[in-house]
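Encoded as structure tokens, the structure appears first; notes follow it.
In this note's numbering, the protein residues as written are 46 to 297.
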């Protein structure tokens, strides 16, 4: 969706990214329209690389319909859920002899995650992520006695907070492709504000140049400019060093 912009360290979720997810995803949940091939750097073994990968929010996983008596069969808007990708904060991490369990919180809900440690690389992967870290989880959605959980194939700590916003934008994109929704002004306004609430942007002293917002969202210049001006008018963002740099008032 977009790249660039580093950002590391700890983020408590209160200023943007997944912490801002309730505002963007608090309604009926966003549904993916299509599957995407698992990327080579996802951490999955070659045996799973032929499966499809769906970007989801936790709310979507909770709303997924169980398609049969098989506890592993789920679908979202008619799309079969095979391998999923979630992004959120790791909470309640418990290390056991053969596996690690934790709760993932992405701002739309919470779900339990189980990661089996079959190899030394699995243990190293899980040692790199701790409570309150943002992590990317790739795995399978399972259900048992009415409760959903994820069996993770890979868990990676987020070191570039752009990945948080990028994940949620991807969820929106595939939902809109499925439903045929048109992009309205309020939708674009929320997208633009979510960029200014990205943790890596919040830490930048002079804020973000309007060109950077355009490059990230891949939207027309005039559309982004109008959305930014709207947020300036209502006091959500403000100019910094010149007429082209802006910051969120949450920085103040």
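Note that CB positions come from ideal geometry on N, CA and C, so glycine has one too.
Helix, strand or coil at residue 170 [DSSP, three-state]: helix
Could you tell me the distance, in whole angstroms, from the CA atom of residue 141 to the CA atom of residue 261? 40 Å
Measuring only the C-alpha atoms, how far is residue 169 from residue 216? 29 Å
Tell me whether residue 109 sits in a helix, a strand or coil according to DSSP, three-state version. coil
Within the same chain, show all residues whose beta-carbon is closer than 8 Å to that of residue 283, passing over the 5 residues directly before and after it, in chain order. 277, 291, 292 and 294
If I measure Cβ to Cβ from residue 103 and keep anything under 6 Å in the same chain, skipping five residues before and after, which residues do I get? 151, 153, 154 and 156
Quick one: what's residue 8 bridged to in DSSP? Coverage of the chain is limited to positions 46 through 297, which leaves residue 8 absent and any answer about it impossible.
Grab me the residues of residue 186's own chain with a C-beta within less than 7 Å of its C-beta, minus the 5 sequence neighbours each way, in chain order. 106, 109, 119, 126, 129, 193 and 195
Beta-carbon gap between residue 236 and residue 214 smaller than 8 Å: yes
Please confirm whether residue 174 and residue 134 have their CB atoms less than 8 Å apart. no
Once the 5 residues before and after residue 138 are set aside, which same chain residues still bring their CB inside 7 Å of it? 145, 147, 175 and 176
Just how far apart, CA to CA, sit residue 271 and residue 246? 20 Å
For residue 55, is the classification buried or exposed, using 16 other Cβ atoms within 10 angstroms of its Cβ as the cut-off for buried? Here the model assigns residue 55 a pLDDT of 36, short of 50, so the residue's position is not dependable, and the following value carries that caveat. Exposed: under 16 other Cβ atoms inside 10 Å.
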